[in-house]
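Each protein sequence line maps, in turn, to chains U and D. All the letters of the first sequence, read from the start, carry residue numbers 4 to 255 under my numbering. All the letters of the second sequence, read from the start, carry residue numbers 546 to 559 under my numbering.
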Amino acid sequence: MFEARLGSTTLLKKIVDALREILSQSTLDCSDSGIQLQAMDNSHVSLVSMLLQNDCFEKYRCDRNISLGLDLKSLSKVLKCASGDDAVTISAPDKADKVQLSFESAGKERTADYELRLLNLDQEHLGIPETDYSCVVIMPAIEFARICRDMTSFSESVVIACSKDGIKFSASGEMGSANIKLSQTSKGDVDLTVEEPVTLSFAGRYLSTFTRATPLSEKVKIGMAADVPLLVEYPIEDYGYIRYYLAPKVDD
Amino acid sequence: KTKQSNISSFFTKK
Numbered sequence: 004m005f006e007a008r009l010g011s012t013t014l015l016k017k018i019v020d021a022l023r024e025i026l027s028q029s030t031l032d033c034s035d036s037g038i039q040l041q042a043m044d045n046s047h048v049s050l051v052s053m054l055l056q057n058d059c060f061e062k063y064r065c066d067r068n069i070s071l072g073l074d075l076k077s078l079s080k081v082l083k084c085a086s087g088d089d090a091v092t093i094s095a096p097d098k099a100d101k102v103q104l105s106f107e108s109a110g111k112e113r114t115a116d117y118e119l120r121l122l123n124l125d126q127e128h129l130g131i132p133e134t135d136y137s138c139v140v141i142m143p144a145i146e147f148a149r150i151c152r153d154m155t156s157f158s159e160s161v162v163i164a165c166s167k168d169g170i171k172f173s174a175s176g177e178m179g180s181a182n183i184k185l186s187q188t189s190k191g192d193v194d195l196t197v198e199e200p201v202t203l204s205f206a207g208r209y210l211s212t213f214t215r216a217t218p219l220s221e222k223v224k225i226g227m228a229a230d231v232p233l234l235v236e237y238p239i240e241d242y243g244y245i246r247y248y249l250a251p252k253v254d255d
Numbered sequence: 546k547t548k549q550s551n552i553s554s555f556f557t558k559k
């Protein structure tokens with residue numbers, strides 16, 4: 004038996020919104036310690052890794068490991084039927100072909116149950132090595148979203164250059180070019196840890212897709228090292244994270 | 546000229 008109750012549906016809505024543009028279907032791997040997800044987008048350019056620890060939930064029970072293959076569009080439709088302040092319980096028996104989502108209003112006077120058919124998804128799991136990033140930048144998530152949006156109107160590629168002086172985003176296309184530089188401030192809203200300067204080029208479309216996770220967190224962490232994927236990490240309160248990895252563009 | 550690399554080429558298959 005698997006059963007997990009969240010005090011507010013808003014958190015689940017934000018998580019699904021952060022995933023569903025990049026993944027149409029995905030498997031939630033549920034174990035005693037919590038819920039994990041790992042999946043590549045259809046083009047195998049990026050990878051999403053999510054963790055929700057069991058202490059994120061008001062109630063959590065997972066008798067044996069269970070994988071719940073879900074269509075995220077369908078899940079999103081079900082979540083639209085709920086109010087943000089409803090409590091939500093996700094449950095499934097051990098050998099399930101359906102998952103149940105039960106919503107309870109804040110005053111407990113309304114309950115609503117939905118069943119979603121599970122999908123049997125054959126998902127490849129990759130081992131993500133511990134990486135010592137040469138540059139780690141923590142910045143306001145809203146600022147990162149704004150920069151990604153502004154960059155993608157100029158060019159398909161975004162160059163990110165990070166050094167002790169700051170982090171610089173550049174895009175250059177037919178209509179012209181854009182450069183945005185953020186320096187570390189005494190206010191502490193942009194925090195840079197730089198061992199070695201790094202410059203890498205990425206597909207702006209994917210960066211913009213990652214910023215769907217902005218409502219989850221005030222801050223976003225960006226990790227860069229030469230010749231490895233970019234890390235864009237949004238914490239989920241104190242209970243987990245969504246990490247996006249994006250393969251760099253390389254010289255042809 | 547740059548080309549997009551594939552994410553799975555950076556991580557090990559489990």
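In this text, a Cβ means the ideal position worked out from N, Cα and C, and glycines have one as well.
Contacts around residue i, its chain only, beta-carbon distance under 6 angstroms, and the 5 residues preceding and following it disregarded
i: U/Ser173; result: Val162, Asn182
i: U/Asp32; result: Gln39, Ser70
i: U/Ala164; result: Lys171, Thr202
i: U/Glu236; result: Lys224, Tyr244, Arg246
i: U/Lys3; result: In the structure as shown, chain U starts at 4 and stops at 255, and residue 3 of chain U therefore has no counterpart that could be examined.
i: U/Phe157; result: Ala174, Gly176, Ala181
i: U/Asp194; result: Ile141
i: U/Asp35; result: Cys65
i: U/Tyr117; result: Val81, Leu104
i: U/Ser108; result: Asp89
i: U/Phe106; result: Ala85, Asp89, Val91, Ala115
i: U/Gly226; result: Tyr136, Val139, Leu234
Member of the options whose CA lies at the smallest distance from the CA of residue i
i: U/Asp241; options: U/Lys171, U/Val91, U/Cys59; result: U/Cys59
i: U/Tyr136; options: U/Thr196, U/Ser175, U/Pro143, U/Arg64; result: U/Thr196
i: U/Ser220; options: U/Cys151, U/Glu199, U/Ser11, U/Phe147; result: U/Phe147
i: U/Ala144; options: U/Glu61, U/Thr134, U/Pro218; result: U/Pro218
i: U/Thr212; options: U/Ile150, U/Ile93, U/Ala228, U/Ser175; result: U/Ile150
i: U/Cys65; options: U/Asn45, U/Ser46, U/Asp97; result: U/Asp97
i: U/Ile141; options: U/Leu234, U/Ala7, U/Phe5; result: U/Leu234
i: U/Ala99; options: U/Lys62, U/Leu119, U/Ser29; result: U/Leu119
i: U/Met154; options: U/Leu210, U/Gly191, U/Glu61, U/Val91; result: U/Leu210
i: U/Leu121; options: U/Gly191, U/Ser186, U/Gln28; result: U/Gln28
i: U/Thr13; options: U/Arg208, U/His128, U/Ala216, U/Gly207; result: U/Ala216
i: U/Val256; options: U/Lys111, U/Cys138, U/Lys222; result: The first residue shown for chain U is 4 and the last is 255, placing residue 256 of chain U beyond what the model contains.
i: U/Met4; options: U/Arg67, U/Ala21, U/Asn45, U/His47; result: U/Arg67
i: D/Lys558; options: U/Gly191, U/Lys111, U/Glu112, U/Pro132; result: U/Pro132
i: D/Phe555; options: U/Leu124, U/Ala228, U/Lys111, U/Glu112; result: U/Ala228
i: U/Ser46; options: U/Lys222, U/Ser189, U/Glu112, U/Arg208; result: U/Arg208
Distance between beta carbons of residue j and residue i, contact taken as under 8 angstroms
i: U/Val19; j: U/Leu75; result: 6 angstroms
i: U/Ile25; j: U/Ser49; result: 7 angstroms
i: U/Met43; j: D/Ser553; result: 7 angstroms
i: U/Leu55; j: U/Gly72; result: With a Cβ gap of about 17 angstroms, U/Leu55 and U/Gly72 do not count as contacting.
i: U/Glu61; j: U/Gly10; result: 5 angstroms
i: U/Gln187; j: U/Thr30; result: Rounded, the Cβ-Cβ distance is 39 angstroms, inconsistent with contact.
i: D/Gln549; j: U/Ala95; result: Actually they do not touch by this definition, with Cβ atoms about 37 angstroms apart.
i: U/Asp192; j: D/Lys546; result: Contact doesn't hold; Cβ gap of about 37 angstroms is too wide.
Own chain residues within Cβ distance below 7 angstroms of residue i, not counting five before or after
i: U/Lys16; result: Leu82, Gly87
i: U/Met79; result: Residue identity check: residue 79 of chain U is Ser in the sequence provided, not Met. Here the set comprises Val19, Arg23.
i: U/Tyr63; result: Ala7, Asn57
i: U/Lys252; result: Ser160, Ser204, Phe205, Ala206
i: U/Ser77; result: Leu119
i: U/Asn123; result: Gly72
Neighbourhood of residue i by C-beta distance below 8 angstroms, restricted to the same chain and skipping five residues each side
i: U/Pro200; result: Ser137, Cys138, Ala164, Cys165, Ser166, Lys167
i: D/Asn551; result: none
i: U/Arg152; result: Ser211, Thr214
Closer than 8 angstroms: residue i CB and nearest the ligand GDP heavy atom
i: D/Ser550; result: The ligand GDP is not part of this structure, which contains no ligands at all.
Runs of beta strand (DSSP E) wholly within the segment 50-118 of chain U (minimum 3 residues, chain order): 62-65, 69-74, 90-95, 101-107
Near-chain D residues of the segment 105-132 of chain U (beta-carbon distance less than 9 angstroms), N- to C-terminal order: Glu127, His128, Leu129, Gly130, Ile131, Pro132
Unbroken stretches of the beta strand (DSSP E), 3 residues or longer, contained in the segment 151-176 of chain U: 160-166, 169-176
Residues from the segment 26-40 of chain U in contact with chain D, defined by Cβ distance under 7 angstroms: none
Selection of the segment 197-231 of chain U by Cβ proximity to chain C, strictly under 8 angstroms: Among the protein chains in the structure shown, which are U and D, there is no chain C.
Beta strand (DSSP E) runs contained entirely in the segment 187-247 of chain U, provided each spans 3 or more residues: 194-197, 201-206, 222-227, 233-239
Residues in the segment 157-171 of chain U having any Cβ partner in chain D nearer than 8 angstroms: Ser160
Those runs of the alpha helix (DSSP H) which lie wholly inside the segment 8-34 of chain U and span at least 4 residues: 12-22
Residues within the segment 41-53 of chain U neighbouring chain D, beta-carbon criterion of under 9 angstroms: Met43, Asp44, Ser46, His47, Val48, Ser49, Leu50
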